[in-house]
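Following: one structure in structure tokens, then a few remarks.
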């Protein structure tokens, strides 16, 4: 996720912020004030996209806040819906705006949506959810349609090893 933020410095790509994997469970279990200081040095509203990885015990998913489209979208490679996650993030954005910017978030026009299984690639095994989550984020932060499939996963795994070792996305 950090490499996606680095890549987003390219002026031809959407600007990106990301929360770490501890953000969402902390927000859900302890509320806004438990994560309030996490954005002390960053203005989440100044970027185009905010990525929120979500770990559900044994399964990884992704929520994407797109400030350009006024949308919060949930991506699950096993077809799950999570309106609760979308709503929790929307509530968070409202409190964050009030707290950090001193003004209400303009809430009209926002859409909160869990992608349907037919809308995004689905995993065909019980072990690729993390890879799917990373690839959803990769394609979204390039403003590209999500076109990969399960068969691409072995290649994506090898590619990710190279990218991590070289600190550079291909």
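In the UniProt record's numbering, the protein residues as written are 1 to 170.
By construction, the Cβ of each residue, glycine as well, lies at the ideal position given by its N, Cα and C atoms.
Asked                                                                                                          : Found
Distance, residue 82 Cα to residue 26 Cα                                                                       : 17 angstroms
Touching by the beta-carbon criterion (3+ pairs, under 8 angstroms), the stretch 132–140 and the stretch 91–98 : no
Assigned exposure category for residue 132 - 16 Cβ within 10 Å defines buried                                  : buried
Helix, strand or coil at residue 75 according to DSSP, with G and I counted as helix                           : strand
Integer Cβ distance of residue 149 from residue 13, believed to fall under 8 angstroms                         : Wrong, their Cβ atoms sit about 24 angstroms apart, outside the cutoff.
Residue 177 versus residue 60 - alpha carbon distance                                                          : Given a span of 1 to 170 for the chain in the structure shown, any question on residue 177 remains unanswerable.
Buried/exposed call for residue 170, threshold 16 Cβ in 10 Å                                                   : exposed
C-alpha gap between residue 79 and residue 90, whole angstroms                                                 : 21 angstroms
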